[in-house]
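Protein chains in written order, with numbering that gives the first Met the number 0: chain B, 0 to 370; chain H, 0 to 370. Reviewing the structure listed below.
Number of protein chains: 2
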Amino acid sequence: MPSPWLVIMVVTRGIRRVVFAVPRPTGIMRVMTVHELRDLFRLPVVVAPMAGGPSNPALVAAAAEAGALGFLAGGYKTADALVAEIAEVQAQTTGPFGVNLFVPGDRSAEPERVAAYVTSLAGDALATGGAVGDPVWDDDGWADKLAAVLATAPPLVSFTFGCPPPEVVAGFRAAGTAVAVTVTSPAEAQAAAAADADLLCVQGMEAGAHRGTFSNSDAPGQDYGLLSLIGEVARVTGLPQIAAGGIVSTAQVRAVLAAGAVAAQCGTAFLRCPESGAHPTHKAALVSPRYTVTAITRAFSGRPARGLLNRFMLGHADAPAAYPEINNATRGLRAAAARAGDTDRMSLWAGQGFRSATNRPAADVIEMLAR
Amino acid sequence: MPSPWLVIMVVTRGIRRVVFAVPRPTGIMRVMTVHELRDLFRLPVVVAPMAGGPSNPALVAAAAEAGALGFLAGGYKTADALVAEIAEVQAQTTGPFGVNLFVPGDRSAEPERVAAYVTSLAGDALATGGAVGDPVWDDDGWADKLAAVLATAPPLVSFTFGCPPPEVVAGFRAAGTAVAVTVTSPAEAQAAAAADADLLCVQGMEAGAHRGTFSNSDAPGQDYGLLSLIGEVARVTGLPQIAAGGIVSTAQVRAVLAAGAVAAQCGTAFLRCPESGAHPTHKAALVSPRYTVTAITRAFSGRPARGLLNRFMLGHADAPAAYPEINNATRGLRAAAARAGDTDRMSLWAGQGFRSATNRPAADVIEMLAR
C-alpha cells in the first residue's frame, strides 16, 4: 500500500463528507469536500456576524435568499433569544446560514488598572446622561448557547475570540454542523486546525468591530493585513479560508478568491442596508463628513476593535486589555450616547472600506459583491 | 459636442501618450495609456527599491532581463554613486528600470525629545562597540539627485516619504520619464494626483522597511491594509496603481491584479536572492527560528518601518517621530551590530510575508510571482 492516506467517507444529514486519516502524530485531519463547500457558499459572499444590533434574522434571511450565507450573531444575547432568531431565519428561508458564538476568555489579571480606567470614564458618562457600570467578567452564556445551537444544528457555526475545545468541534460535526474558527494569525490558524475545525474565518486588521484575536491584548507582530494573512495561514494549514477584513467591492471579492479564499466575509458593506439593525446614528455616521478614517481601539470594550476614529477613542488610548469587563462597564454609557445622538461617545464600528457602505437592500449588495 | 473630454495625443521619445483634458476646476488629468503601461510592466512584477544595501545594479538588471521592472534605491547615497549605478544597469540591460528617491521632510520640532531618545541608546551602542551619532537632519542630497536622475532620464522614477512639487513631476515628464509617487492613504493619493503623477505606488502596512507615509508620525487612521488601500485609493483617483506590501506569492500577485492594480511591487521576496546586497546577517535572520513575526517601529530611524521584531524594537518603543535625525544617530550602532552579527540591534527590515523569501536567483522569483 504505497499511499499514507486512509480515505473514509461519512454521510451526515444527506451531505457526503470525506475524511482523510493520516497516520501522523498530530492526529486526524479532516478536509471539507468541494461539494460541501459549494452547498454553503453558493455565491462566494458571507454576510459577517455583527453582534450588538446589526445582525438579525431579516439580514440573514435576505442573505440566504440572495444566494449568500449570513450569520446570526450570538454575542450579547441570551440562548433563548438566539434560538428564537434561528427559528425566525428558518421560517423565512431554506437557504444555508451560520451562527456565531464568542469563546469566553480569562478574567483580567489587572483589576486595579481596570477599575482606574473605568473611573476615568466618569466625565463621559456624565456628558451622555448614562452611567458607568461595574467591570464584571462573564462568559456570554457560553454553555447555554453551545447547547442551544447544537440542538438546532444550523449548517454552519463560527467561533470568535478563541478556539473551542476539540470535543465541542466534534459535537457540532456529529450534529451535521460545519465548524469555522475566526483567526487573525498563523499561530491561531494552527490552533484551530489542531482542534479539527472545518474552516477558518481569516480576519485581517482591516476588519471593522472586534478583532477575532484569541487574546484581548494586541501584542506586537499580530497586525496582519488580510492579503498577507491569507498567504501566511495557507503556509501552515490547508483548511478552507473565508476571508474577512475591509472587503466592500467586486474587485476585492475577486482578489481574495484569487489569493485562495473560498469566500469573502463582509460586514461593514451591509451595515447601512435597510435589513441591518445597526443604530440609525451609527448608520448616519458612516456617511458623515465628520468621520474620515478608522482606527483600532480598546477604549470601548477592553479588546481591540476598529471603528470610526472619534473623540472617545482619542481620549482613552490607555484602555487596558480587559474584555468583557470594560465592555460591560461602558454599556450604559454607549447606549446613552446612542440615544442622545452623541457620536463622539458611541462605538461606531466600521472596517477600512466603510465609505463604500450603501443603504441599498442586502440582496443588491450581494449581487454587486459577487458579480 | 456631447463629450466633456478633450482628447490630446503626445509623443515623447517614441512613446505615445494620451492626455485627457477635462474642463474641471482641479485642472488637467493625465492618464497613462495601456501601451505605455505595458512597456514598463511586461510582467506585472516590480522589484521594490530597498535602500541601504539590498537594491543594487545586479538586482535591477536581473529583474529587467527576466521581464520585470527593478528599482535602484537612491536613498542614503551620493548623486554620483547613483549615476554610476544607473550607468551600470544600462550597461547590463536594455530593459526598463526605475530609480527611487526620498522626498525630504521637515526637521523635528522636538529636538530635546530626540536628544533624550538618542541618549537612551548609549547602552546599545556600548554593547555593539559602535557609537551613537548626532541626530542631524539632512535632505539626502535632494537637489543633486534630482538633477542627476533628470539628466539620465530613466524610464521611471518613484518618490517616497512625500510628494514632489508639480514642477519636478513636469520636469521628469518632459524628459520622458514616467513619475510614480508612493502613497499609503487616499489623502496621499489625492496629493499625488494633484501633483500630476503618472502612477501611484500604493503601499499597504504589510510592507517591509520604511512606510512611505508623507509624515514621520504614524497618526491613527493611517494603517491601511493593502487590499483596502487599493480600493480606497481607486475611489479618489483613477491613476494606475502599483501594489506593494506583503506580496510574496503567485496567488498574492493575482489578487492585487484582480483588485485593480497594474503590477505588484515586491521587496522582501527578493531580499535573500544572490543578487540582493542585503547584509548576510540580515538574510540569515529571515530564516532564523529566533524571529517569527514583524512589527512596525520608529526605534531605528524615527519613522515607521516594519522589521523582524527584535529586542531593540521592544526596548525602544518610545522613539519619537524624527527622520532622518534618529536614522543618522543610529547609523554607527546599526553598522557595528551588523559587523558583530548582533541581530538584536540590527534593523532587520522585512514585510509580513518574509517566511516566503527564498535564496534562489531573482529571475526564478520573478518567474514564480508572475506565473
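Backbone N, C-alpha and C fix where the C-beta goes; we use that ideal spot for every residue, glycine too.
Determine the closest residue to residue i out of the options, with distance taken between C-alpha atoms.
i	options	result
Pro239/B	Phe171/B, Gln251/B, Tyr223/B and Leu198/B	Leu198/B
Ala283/H	Leu347/H, Gly244/H and Gly230/H	Leu347/H
Ala31/B	Val364/B, Thr176/B, Ala218/B and Ala349/B	Residue identity differs from the one stated: residue 31/B is Met in this sequence, not Ala. Of the listed residues, the one whose Cα sits closest to Met31/B is Thr176/B.
Ala369/B	Thr280/B, Asp317/B, Cys265/B and Gln89/B	Cys265/B
Val232/B	Thr183/B, Ala298/B, Gly211/B and Pro273/B	Thr183/B
Glu274/B	Asp38/B, Pro53/B, Glu35/B and His34/B	Pro53/B
Thr296/B	Phe96/B, Met204/B and Arg289/B	Met204/B
Asp139/B	Glu84/B, Gly74/B and Ala62/B	Gly74/B
Ala114/H	Gly94/H, Asn326/H and Pro360/H	Asn326/H
Arg234/B	Glu166/H, Ser355/H and Asp217/H	Ser355/H
Ala243/H	Met367/H, Val33/H and Gln351/H	Gln351/H
Gly237/B	Ala191/B, Asn215/B and Arg310/B	Ala191/B
Ala371/B	Val252/B, Lys76/B and Gln189/B	Because chain B here runs from 0 to 370, residue 371/B falls outside it and cannot be looked at.
Val131/B	Leu256/B, Gly331/B, Met345/B and Phe353/B	Gly331/B
Met345/H	Thr357/H, Ala254/H, Ala361/H and Met312/H	Met312/H
Val286/B	Arg172/B, Val82/B and Thr357/B	Thr357/B
Ala263/H	Glu64/H, Val364/H and Glu111/H	Val364/H
Val148/H	Gly51/H, Thr77/H and Phe353/H	Thr77/H
Ala298/B	Phe269/B, Thr280/B, His281/B and Thr329/B	Thr329/B
Note the first and the last residue of the continuous beta strand (DSSP E) segment covering residue i.
i	result
Gly230/H	Counting along the chain, Gly230/H falls outside any beta strand (DSSP E), though it belongs to the alpha helix (DSSP H) covering Leu225 to Val235.
Thr296/H	Thr293 to Thr296
Gln91/H	Unbroken run through Gln91/H is the alpha helix (DSSP H), Ala78 to Gln91; no beta strand (DSSP E).
Gln264/H	Ala262 to Cys265
Val44/H	Val44 to Val46
Val98/B	Phe96 to Phe101
Leu71/H	Leu68 to Ala72
Leu307/H	Ala304 to Leu307
Would you give the residue range spanned by the alpha helix (DSSP H) that residue i belongs to?
i	result
Gly122/B	Ala121 to Thr127
Ile325/H	Glu324 to Ala339
Ala146/H	Trp141 to Thr151
Ile365/B	Ala361 to Leu368
Arg253/B	Thr249 to Ala257
Leu347/B	From DSSP, Leu347/B is part of no alpha helix (DSSP H); its letter is neither H nor E.
Phe311/B	Arg310 to Gly314
Arg112/H	Pro110 to Thr118
Ala318/B	Unbroken run through Ala318/B: none, as it is neither H nor E.
Ala242/H	Element bounds for Ala242/H: not the alpha helix (DSSP H) but the beta strand (DSSP E), Gln240 to Ala243.
Leu39/B	Val33 to Leu39
Glu374/B	With chain B running from 0 to 370 in the structure shown, residue 374/B is simply not present.
Pro154/B	First-last for Pro154/B: undefined, no H or E at that position.
Val131/B	Looking at the DSSP string, Val131/B is not in any alpha helix (DSSP H), and its letter there is neither H nor E.
Ala60/H	Pro56 to Glu64
Under 8 Å by Cβ, that's how I've got residue i and residue j pegged, so tell me the actual separation to the nearest angstrom.
i	j	result
Met49/H	Ala208/H	7 Å
Thr267/H	Val247/H	6 Å
Thr159/B	Val102/B	7 Å
Gly161/H	Tyr322/H	Contact doesn't hold; Cβ gap of about 11 Å is too wide.
Val336/B	Thr127/B	One point to set straight first is that residue 336/B is Ala, not Val, in the sequence displayed. With a Cβ gap of about 4 Å, Ala336/B and Thr127/B count as contacting.
Arg305/H	Ala277/H	Their Cβ separation, rounded to whole angstroms, is 15 Å, which puts Arg305/H and Ala277/H out of contact at 8 Å.
Cys272/H	Leu58/H	7 Å
Arg112/H	Pro319/H	5 Å
Ala361/H	Ala62/H	6 Å
Phe269/H	Val46/H	6 Å
Glu366/B	Trp136/B	43 Å between Cβ atoms; not a contact.
Ala196/B	Ala179/B	6 Å
Leu226/B	Gly245/H	6 Å
Val201/B	Leu228/B	5 Å
Using beta carbons (cut-off 8 Å, strictly below), is residue i in contact with chain C?
i	result
Gly259/B	Absent here is chain C; the protein component of the structure consists of chains B and H.
*Quick one: which residues of the region 241–257 of chain H get their C-beta closer than 8 Å to a C-beta of chain B? List them in chain order.*
Gly244, Gly245, Ile246, Val247, Ser248, Ala250, Gln251, Arg253, Ala254, Val255, Leu256 and Ala257
*beta strand (DSSP E) segments (min. 3 residues) lying fully within the region 159–221 of chain B*: Runs found: 177–182 and 198–202.
*Note down, in chain order, all residues in the region 172–196 of chain H with a beta-carbon under 7 Å from any beta-carbon belonging to chain B.*
none
*Which residues, taken in chain order from the region 72–104 of chain B, show a beta carbon closer than 8 Å to some beta carbon of chain H?*
none
*Quick one, which residues of the region 205–222 of chain H are near chain B if we go by CB-CB under 8 Å, in chain order?*
Glu205, Pro219, Gly220, Gln221 and Asp222
*Could you list the residues in the region 270–296 of chain H with a C-beta less than 7 Å from some C-beta on chain B, going in chain order?*
Correct list: Val292, Thr293 and Ala294.
*asked:* Which residues of the region 333–355 of chain H have a Cβ closer than 8 Å to any Cβ of chain B? Give them in chain order.
replied: Gly350, Gln351, Gly352, Arg354 and Ser355
*Residues from the region 224–240 of chain B in contact with chain H, defined by Cβ distance under 9 Å*: Gly224, Leu225, Leu226, Ser227, Leu228, Ile229, Gly230, Glu231, Ala233 and Arg234
*Taking a cut of 8 Å between CB atoms, which residues from the region 301–312 of chain H lie near chain B?*
Leu308 and Met312
*Report the residues of the region 127–158 of chain B with a CB closer than 8 Å to any CB of chain H, ordered along the chain.*
none
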